[in-house]
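Numbering (the working numbering), first residue to last: 338 to 1016.
Report on one structure; see the data block that follows.
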Ligand code: ACM
């Protein structure tokens, strides 16, 4: 990226006078103290009460990360008593043998020039506090230090998760571990492992080996790898909730075991996205015997008290097309396929109860006579969350937090997880356990996963941890930039993903113009997928869109500057910065045109580069009218608004990220309301 554009974007993300804190999530309470505690090679460490190997390992990792943060070796010894200028960890006990929803994650931090004490009832609480301590390290010209303060922190919700879909595209163990490290950084505590779907069955089964042998293209986790991931997560205070999605989204099961499907063999792994090919036959006793034996084999791998059965998007046509199933359903008095699925779920909940597992499923499993211990995960809308709570079920929110929908971080951040529109009693509100973001992987491979998950997941993590009143979007964006740095430092490819992928796409070419383009264009959003995507399971996903990032820096920069101008149309600094950004984006076009002659993949940038240039030109003209205080000609304004509206749509496989903000600018210049909305 040209240095000037990078600097302009940087100055937009670091507002003058912003608080210096980089904590993410913001703690429940923080009281500043006086002075600071110097951190260097002489800083001591103490574990003054309970200790176990999990805490010892966490402290080892902490010291390693601290050493790298301050660029000096740190003390190698850990004492049993606090000493002057030590970081002392005072933990009362281990916490739950298997971490659960009830785990106490509370901690306090007291930092003064004389030393720091981290107190927690459980090891998991200490893990949360250690992450906070690392984020507090700051420096001046000569020393690193922790600011004197006291923090009393605990999460707003006990269930704060991320779903990772490893079925549509397999994610290697290393990728999952990186994700877990990053989740721990922002205090997320549930890894929801979506292990089977139409496109792949991803766990080794010794009892039913054709599941992974025929249902995975050879890309599956061995049972040892599963144990390793679960242990790795536990060491970081993260629960692992497995999901084997049934009775729909289950084509991959039937490649090896077609006898449990409503459909006849042969059944192949589904290679296209969306829609199932085959679903379970809920009318045969053999189906439940099979599932019970499968679950019994898997239970020891997944110690969590919750078990996700999926249950979403069960396509009734697959039952309706089988006369035997329709006749059985009628004979047994189930009025429709929903009732038939509820029967299937009741059978599952009995199997799971034998293993002391609580059943979790998507919206569609909600049925009045399900056991009340069932948890419903809402993906279709917040109103479904309210419906579940009103019927007495614990509920998880996911609908607004699908990261693959490529919405800006603002949208993920400004969600209120407890429905306000629909009066829930305090007891019903208590049933909202929290929520999960989700990264569905139709268009996501391990190669781009970091950049599609982060830093936006940080916005969800804060919403689920921090007090409800923490809602400053500008400050969130400021801290997401810092989070991105931290994640890059840990080895995630959040920002660096684009450069790596462009190196694959165009070795030897100067792709700086494309990197600049990526500051203002992004992958299309949900619902815009079909437009130009044309991929299936065999596609390498190495198109230009796969190198682009969601919510690019130029989008927030533009929004911020337009907001400033809305408050004060004569804010010359905001106007000039915006003009420079627009100029930078419009000048990209000839450079992109040259690159486009050297690679068909780079040529994918042409349509969006043209549209970005036009958007920037309209923005520049609107700014001209605005700063001159002159009304633009009505026909020009109307034509420009219409033109910008079209630019919300993808141009090929990419779309301009700033069109709706430039439309706002245009509306300001014409003194009216913005025309239309961005998707
Ligand atoms: C889902 O997105 N079908 C759970």
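Every residue, glycine too, gets a C-beta built ideally from N, C-alpha and C.
Round the Cβ separation of residue 374 and residue 450 to the nearest angstrom and send it over; I've been treating them as touching at under 8 Å.
Against the chain shown, residue 374 aligns to sequence position 37. Against the chain shown, residue 450 aligns to sequence position 113. Confirmed, about 5 Å.
Who are the near neighbours of residue 944 in its chain, counting only those whose CB is closer than 6 Å to its CB and skipping five residues on each side?
One-based indexing of the chain shown puts residue 944 at position 607. Result list for residue 944: 988, 989, in chain order.
Within this structure, are the beta carbons of residue 600 and residue 623 separated by less than 8 Å?
Locating residue 600 in the chain shown gives position 263, counting from the first residue. Locating residue 623 in the chain shown gives position 286, counting from the first residue. Not in contact: residue 600 and residue 623 (Cβ atoms no closer than 8 Å).
CB of residue 519 within 8 Å of CB of residue 791, strictly
Taking the chain shown and counting its residues from 1, one reaches residue 519 at position 182. Taking the chain shown and counting its residues from 1, one reaches residue 791 at position 454. Yes, the pair counts as a contact, with Cβ atoms nearer than the cut-off.
Pick from 364, 576, 793: whose alpha carbon is nearest that of residue 461?
Against the chain shown, residue 461 aligns to sequence position 124. Nearest C-alpha to residue 461: 576.
What residue does the beta strand (DSSP E) around residue 773 start on, and which one ends it?
Sequence index remark: in the chain shown, residue 773 carries index 436 (1-based). Run containing residue 773: 769-776, per the beta strand (DSSP E) assignment.
Just to confirm the assignment, what range does the alpha helix (DSSP H) spanning residue 681 have?
Translated into the one-based positions of the chain shown, residue 681 becomes position 344. Note, residue 681: alpha helix (DSSP H), 674-691.
Mind the definition here: the region 632-651 touches the region 683-701 only if three or more C-beta pairs lie below 8 Å; say whether that holds.
yes
For residue 801 versus residue 528, is the C-beta distance shorter than 8 Å?
Looking up residue 801 in the chain shown gives position 464. Looking up residue 528 in the chain shown gives position 191. No, the pair does not count as a contact, with Cβ atoms beyond the cut-off.
Looking at the ligand ACM, does it come within less than 7 Å of residue 650, judged from the CB to the closest heavy atom?
Translated into the one-based positions of the chain shown, residue 650 becomes position 313. For the ligand ACM, at least one heavy atom lies less than 7 Å from the Cβ of residue 650.
To the nearest angstrom, report how far apart residue 727 and residue 845 are at their CA atoms.
Residue mapping note: residue 727 aligns to position 390 of the chain shown, counting from 1. Residue mapping note: residue 845 aligns to position 508 of the chain shown, counting from 1. Rounded to the nearest angstrom, the two C-alpha atoms are 60 Å apart.
Please determine whether the Cβ atom of residue 530 lies at a distance below 7 Å from any heavy atom of the ligand ACM.
Reading the chain shown from its first residue, position 193 is the one you call residue 530. Residue 530: no, Cβ never under 7 Å from the ligand ACM.
Assuming residue 696 is part of the alpha helix (DSSP H), what are its boundary residues?
By 1-based counting over the chain shown, the position of residue 696 is 359. That residue, residue 696, is in no alpha helix (DSSP H); its beta strand (DSSP E) goes 695-699.
8 Å CB neighbourhood of residue 869 in its chain, flanking five on each side removed:
Numbered from 1 along the chain shown, position 532 holds the residue referred to as residue 869. Low per-residue confidence applies at residue 869: pLDDT is 48, beneath 50, and the placement is therefore not dependable, though the value from the model is reported in the following sentence. Around residue 869: 861, 987, 989, 990.
Close beta carbons around residue 807, own chain, < 7 Å, minus the five adjacent residues each side
Reading the chain shown from its first residue, position 470 is the one you call residue 807. For residue 807, where only same-chain residues beyond five positions count, the Cβ hits under 7 Å are 363, 799.
Do you know how far the Cα of residue 521 is from the Cα of residue 437?
As a working note, residue 437 is residue 100 in the chain shown. As a working note, residue 521 is residue 184 in the chain shown. Rounded to the nearest angstrom, the two C-alpha atoms are 16 Å apart.
Return the Cβ separation of residue 456 and residue 427 in integer angstroms, given the expectation that the two are a contact with Cβ distance under 8 Å.
Taking the chain shown and counting its residues from 1, the one referred to as residue 456 is at position 119. Taking the chain shown and counting its residues from 1, the one referred to as residue 427 is at position 90. Right, the Cβ-Cβ distance comes to about 5 Å (below 8 Å), so this counts as a contact.
Judging by CA-CA distance, which residue of 405, 370, 392, 385 is the nearest neighbour of residue 331?
Lying outside 338 to 1016, the shown extent of the chain, residue 331 is not represented and no answer is given.
Residue 950 versus 770, 854, 941, residue with shortest Cα-Cα distance
Locating residue 950 in the chain shown gives position 613, where the first residue counts as 1. Comparing Cα-Cα distances from residue 950 to each of 770, 854, 941, the minimum goes to 854.
What residues in its chain sit with their C-beta under 6 Å from that of residue 653, if we drop five residues either side in the sequence?
Against the chain shown, residue 653 aligns to sequence position 316. Excluding positions up to five away in sequence, the list reads 674.
Are at least three pairs of beta-carbons, each pair with one atom in the region 539-549 and one in the region 579-593, less than 8 Å apart?
yes
I need the DSSP call for residue 520, collapsed to helix, strand or coil.
Walking along the chain shown from the start, residue 520 turns up at place 183. Residue state, collapsed to three classes: helix.
Going along the chain, which residues of its own chain have a beta-carbon closer than 8 Å to the beta-carbon of residue 721, five neighbours each way excluded?
Here the question's residue 721 lines up with position 384 in the chain shown. So the qualifying residues of the chain are 700, 703, 713, 715, 736.
Supposed close pair residue 683, residue 707 - CB separation, criterion 8 Å:
Here residue 683 refers to the residue found at position 346 when the chain shown is read from its first residue. Here residue 707 refers to the residue found at position 370 when the chain shown is read from its first residue. Yes, residue 683 and residue 707 are in contact; Cβ-Cβ is about 7 Å, under 8 Å.
Using 7 Å as the cut-off, classify the Cβ of residue 699 as near or not near the heavy atoms of the ligand ACM, replying yes or no.
On the chain shown, residue 699 is found 362 positions in, with the first residue counted as 1. Answer for residue 699: yes, Cβ within range of the ligand ACM.
Relative to the ligand ACM, is the shortest distance from any of its heavy atoms to the C-beta of residue 716 smaller than 7 Å?
Your numbering for residue 716 matches position 379 in the chain shown. Correct: residue 716 has its Cβ closer than 7 Å to the ligand ACM.
I'd like to know whether the C-beta atoms of residue 558 and residue 578 end up nearer to each other than 8 Å.
Locating residue 558 in the chain shown gives position 221, where the first residue counts as 1. Locating residue 578 in the chain shown gives position 241, where the first residue counts as 1. In this structure, residue 578 does not lie closer than 8 Å to residue 558 by Cβ.
Comparing C-alpha positions only, which one of 975, 816, 637 sits nearest to residue 543?
Position 206 of the chain shown holds residue 543. Residue 637 is the option with its Cα nearest to residue 543.
According to the neighbour-count rule (16 or more other Cβ atoms, all chains shown, within 10 Å of its Cβ), is residue 847 buried or exposed?
By 1-based counting over the chain shown, the position of residue 847 is 510. By the 10 Å Cβ count, residue 847 comes out exposed.
Rounded C-alpha distance that separates residue 489 from residue 754
On the chain shown, position 152 is the one that residue 489 refers to. On the chain shown, position 417 is the one that residue 754 refers to. Between residue 489 and residue 754, the C-alpha separation is close to 23 Å.
Three CB pairs or more closer than 8 Å across the region 729-745 and the region 775-783:
yes
Under 6 Å Cβ to Cβ from residue 882, same chain only, skipping five residues before and after it: list those, please.
By one-based count along the chain shown, residue 882 stands at place 545. Hits under 6 Å: 860, 990, 991.
Opposite residue 813 in the DSSP bridges: which residues?
Looking up residue 813 in the chain shown gives position 476. Residue 813 is not bridged to any residue.
Confirm the yes/no value for this check: CB of residue 587, any heavy atom of the ligand GTP, distance under 7 Å.
Among the ligands modelled here, namely the ligand ACM, the ligand GTP does not occur.
For residue 725, which residues from the same chain have a beta carbon less than 6 Å from its beta carbon, with the 5 sequence-adjacent residues on both sides left out?
Here residue 725 refers to the residue found at position 388 of the chain shown. Once the five neighbours on either side are set aside, the close Cβ partners of residue 725 are 703, 713, 732.
I'd like to check one pair, residue 401 with residue 487: are the Cβ atoms closer than 8 Å?
Taking the first residue of the chain shown as 1, we reach residue 487 at position 150. Taking the first residue of the chain shown as 1, we reach residue 401 at position 64. No, the Cβ-Cβ distance between residue 487 and residue 401 is not below 8 Å.
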